Ligand SMILES: [Ca+2]
Ligand SMILES: [Ca+2]
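In my numbering, the protein residues as written are 36 to 558.
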């Protein structure tokens, strides 16, 4: 009898313990459904990701066939760079010169392949967000071909004319700005949004949001900002009428948060160039670390008046900037420590982190802009601009790897995915640890609560993250050791969420669960 009792009590204790794990609480409440716009993104350049038919160019089926890797990496959403029909020449390789918004780039596959990608991703819990380029079209788009044919052509007013024969371009290279002041253009964009949502697209990344009206010779520059976010708001209301959970994300390329905070009026999210630069400066260059946590708080607080549910899109590299592993601040002897801490920061801040494909392997890549080499055909493939920031992903499996761009410089000097996964100290395994910490801890994954930890100093920078729903609350203290020696933390806590000692190793991180009722002790 005694044995049965102890077995029973053991069972009871096990059930009790299990009931307290965050995973179990998440199943009970389904926090993901309550917070449908919080995701962990993987940014994919289809051309470079995975090739399914051995023509050297990445494609839709290549993405579909490798979704299990993304599930393993802890990804819940993908943002794909433009896949609409585009000019197919060397300098249009990036896909931002749209010829036709309603068809796909045939180099990447068919519409049926894309639909299969979207539905397979959905079955694995991954939403698909597309890049939507509404600032400009290709000069080969049928709208523009018509518009330039005569001053009285039906599509003449779809573009902005600076002379009878010259259409305005925010960006060079045959990309003509659309006239967004024309209601017919806005109606057309709404139709494009409806079309892609009917295909299963769950969100849109608006390219060049700052340039929608900026630079347009018919618009007073001081009105451009208001006109930009007012247009985005109008498109957002249209999209929400079709799906209230649709995710609107904008790219306003500016390193000061004051420059883009107002865009939260018409967007759920913005790429946070300010937070990215804080991570590069503090975690990479190790300068002025004492201001890190409070600077992040200032930025996050600046968004809330415009959108109380603001969800910053966090990133440390993307296709338009040199890869983080190629930045000077991350290329010293502590490179791997710095890259790991940058990831640990990005994956514990409020918002939706975006992992740029290959970042988790420590891929390198810089552009040729502004160097003495610019404009020269150094690699024998044609003029190189930013192609090496978008180099083929290194699977360690030739049957998948794309070959559209040849290795040059240090573009291939990193471990393949296959080797990285086998190495317990690798960057990819560190990413996996932190994505799963985020997925398993509502305080990290959901909500936008963030307060600076009051006892931080130059070398220990920390913040409180908290998530509350009904009678569930989780409160976490995240502390990063930004110094190059072990430093000890003296703090009251309930349990370790990451780490197992208050002696934090150099460039390390510890995450502690703290008593929500004693929050005042920490902030
Ligand atoms: Ca292919
Ligand atoms: Ca424009």
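Beta carbons: idealized from backbone N, C-alpha and C, even for Gly. What you are looking at is a predicted structure, and each value in this text was computed from that prediction instead of being measured.
Work out the CA separation of residue j and residue i for me, nearest whole Å.
i	j	result
residue 51	residue 63	Residue placement at residue 51 cannot be trusted, given a pLDDT of 41 that sits under 50; the coordinates are not used to answer.
residue 263	residue 166	17 Å
residue 446	residue 134	31 Å
residue 95	residue 431	20 Å
residue 373	residue 544	12 Å
residue 292	residue 488	22 Å
residue 240	residue 369	34 Å
residue 466	residue 236	26 Å
residue 454	residue 471	21 Å
residue 225	residue 495	48 Å
residue 260	residue 201	25 Å
residue 179	residue 248	18 Å
residue 314	residue 149	35 Å
residue 216	residue 172	15 Å
residue 362	residue 505	44 Å
residue 357	residue 424	6 Å
residue 252	residue 196	9 Å
Step through the CB atoms of chain C and report whether any lies within less than 7 Å of the CB of residue i.
i	result
residue 196	No chain C appears in the structure shown, which is made up of a single protein chain.
Report back the beta-carbon spacing between residue i and residue j to the nearest angstrom; my notes put them in contact at under 8 Å.
i	j	result
residue 379	residue 515	7 Å
residue 303	residue 346	6 Å
residue 528	residue 547	4 Å
residue 294	residue 351	Not a contact, Cβ separation roughly 19 Å.
residue 338	residue 296	5 Å
residue 85	residue 98	6 Å
residue 449	residue 429	7 Å
residue 419	residue 384	With 8 Å as the limit, residue 419 and residue 384 do not qualify as a contact, their Cβ atoms being about 34 Å apart.
residue 91	residue 438	4 Å
residue 473	residue 485	Contact flag wrong, Cβ pair sits at about 14 Å.
Decide if residue i is buried, meaning its Cβ has at least 16 other Cβ atoms within 10 Å, or exposed.
i	result
residue 157	exposed
residue 284	buried
residue 160	exposed
residue 147	exposed
residue 391	buried
residue 477	buried
residue 558	exposed
In three-state terms, what does DSSP make of residue i?
i	result
residue 318	helix
residue 182	helix
residue 199	coil
residue 85	coil
residue 515	strand
residue 565	As shown, the chain starts at 36 and ends at 558. That puts residue 565 outside it, with no answer to give.
residue 547	strand
residue 123	coil
residue 530	strand
residue 337	helix
residue 465	helix
residue 218	helix
residue 376	helix
residue 500	strand
residue 239	strand
residue 283	strand
residue 138	strand
residue 367	coil
residue 536	coil
residue 565	For the chain, the structure presents residues 36 to 558; residue 565 sits outside this window and is missing.
residue 273	helix
For ligand 1, residues whose Cβ lies under 5 Å from any non-hydrogen atom = 86, 88, 90, 92, 94
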